[in-house]
Amino acid sequence: MKIICNQDEGHLSSKKGDIYARRLHSLSKKLSYKRDNHLGDSYNLDFDLEPISQFDKLLINNLGDPYVGSHYATEVCDLEREVVDWIMRVWECADPEKYWGTVGASGTEGNLWAIYLARETLDNPVLIYSTEAHYSLPKAAKILRIEALTCGADCSGAISPDALSEVIHANRHRSILLALTSGTTMKGAHADITSCVSVLGRVGIDPGRRSNGIAQRPRRSRDLEPADAAWHSRFPP
39 MKIICNQDEG HLSSKKGDIY ARRLHSLSKK LSYKRDNHLG DSYNLDFDLE PISQFDKLLI
99 NNLGDPYVGS HYATEVCDLE REVVDWIMRV WECADPEKYW GTVGASGTEG NLWAIYLARE
159 TLDNPVLIYS TEAHYSLPKA AKILRIEALT CGADCSGAIS PDALSEVIHA NRHRSILLAL
219 TSGTTMKGAH ADITSCVSVL GRVGIDPGRR SNGIAQRPRR SRDLEPADAA WHSRFPP
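Count along the sequence shown from 1, then add 38; that gives the number in this note's numbering.
So, in structure tokens, the structure goes:
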């Protein structure tokens with residue numbers, strides 16, 4: 039059976055364009071309504087994208103190591119390095135010869151990267167995080183096949199120093215990878231870093247091994263490696 043269609047291609051193209059336009063308009067209305075009536079995960083809409091709208095027509099792609107360059111024509115690796123430098127100044131890591139960093143796309147990526155580096159650096163580490171920590175931590179531990187342990191949190195959602203003490207004491211012979219939250223999405227919880235460091239000292243892990251935010255340890259040491267996670271991570275090399 040032969041089917042002959044004599045419809046004008048231009049007419050079909052115009053009709054398809056109208057369908058797409060209607061769908062985009064409908065999507066815009068739906069999302070605008072959802073935005074104005076949203077209750078749930080917090081987010082901030084107090085920003086104006088107009089000053090950077092000129093970059094909408096550009097594909098910017100920082101591939102790979104920002105200190106090497108991506109060999110991609112429209113890259114901004116120099117700006118990425120500036121962001122890393124600013125963060126390192128905040129963390130008082132002033133010597134650019136002693137740090138490396140990259141800007142990640144999400145907190146999950148940051149946690150995965152931090153835990154991966156710790157796994158490659160430490161001797162058979164165990165990951166410890168609170169029951170209120172981000173779901174990406176157990177997921178990363180499963181992907182990277184390292185043992186993960188949880189400890190209790192207080193009513194604010196921050197890790198409980200007492201619960202942490204019990205878990206670390208039971209694993210004091212292991213390399214410890216400790217994930218501390220700093221501004222969680224749902225409760226805005228901040229771990230008491232000073233108390234957590236005190237816990238480490240009480241169980242025989244020397245918190246003074248860090249200098250200016252840089253971990254001082256031989257490769258494959260049996261020691262502590264912090265991943266400071268607030269839906270993002272920081273891992274000093």
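The beta-carbon is built from N, C-alpha and C at its ideal position, and this holds for glycine as well.
So, under 8 angstroms CB-CB, residue i and residue j are touching, yes? Tell me the CB distance rounded to an integer number of Å.
| i | j | result |
| --- | --- | --- |
| T223 | A191 | Going by Cβ atoms, the distance from T223 to A191 rounds to 14 angstroms, so no, they are not a contact pair. |
| N17 | E118 | This structure does not reach residue 17, given that the chain is present from 39 up to 275, and the question cannot be answered. |
| R240 | P163 | At roughly 20 angstroms, the Cβ-Cβ gap does not stay under 8 angstroms, so R240 and P163 are not in contact. |
| S194 | K225 | 6 angstroms |
Exposed or buried, what is residue i when buried is set at 16 or more other beta-carbons lying within 10 Å of its beta-carbon?
| i | result |
| --- | --- |
| S249 | Its pLDDT being 34, under 50, S249 is placed unreliably by the model, and nothing is read from it. |
| A196 | buried |
| C234 | buried |
| L62 | exposed |
| G148 | buried |
| P89 | exposed |
Skipping 5 residues on each side, what residues in its chain have a beta carbon closer than 8 angstroms to that of residue i?
| i | result |
| --- | --- |
| L83 | R73 |
| L2 | With the chain covering 39 to 275 only, the question about residue 2 has no answer from this structure. |
| S108 | N99, N100, L101, G102, C115 |
Thinking C-alpha only, which one of the options is nearest residue i?
| i | options | result |
| --- | --- | --- |
| W138 | P163, H228, G102, A59 | G102 |
| L238 | N209, H228, T219, Y81 | N209 |
| W151 | M126, A178, V164, H211 | A178 |
| T188 | R212, S70, A111, I206 | I206 |
| I214 | S236, E185, H228, S91 | E185 |
| A111 | L96, Y105, D123 | L96 |
Near residue i, which residues of its chain fall below 6 angstroms by C-beta distance, leaving aside the five closest residues on each side in sequence?
| i | result |
| --- | --- |
| V121 | V141 |
| A201 | C189, G190 |
| S259 | Residue placement at S259 is poorly supported in this model, since its pLDDT is 37, which falls under 50; the coordinates still yield a value, given next. Once the five neighbours on either side are set aside, S259 has no close Cβ partner at all. |
Leaving out the 5 sequence neighbours to the left and right, which residues in its chain are closer than 7 angstroms to residue i when beta-carbon positions are compared?
| i | result |
| --- | --- |
| I231 | L218 |
| P104 | C115, E118, R119, T140 |
| G242 | R210 |
| F276 | Nothing can be reported for residue 276, as the shown portion of the chain is limited to 39 through 275. |
For the region 130–138 and the region 155–168, state whether three or more C-beta atom pairs, one from each stretch, are separated by less than 8 angstroms. Verdict: no, contact absent.
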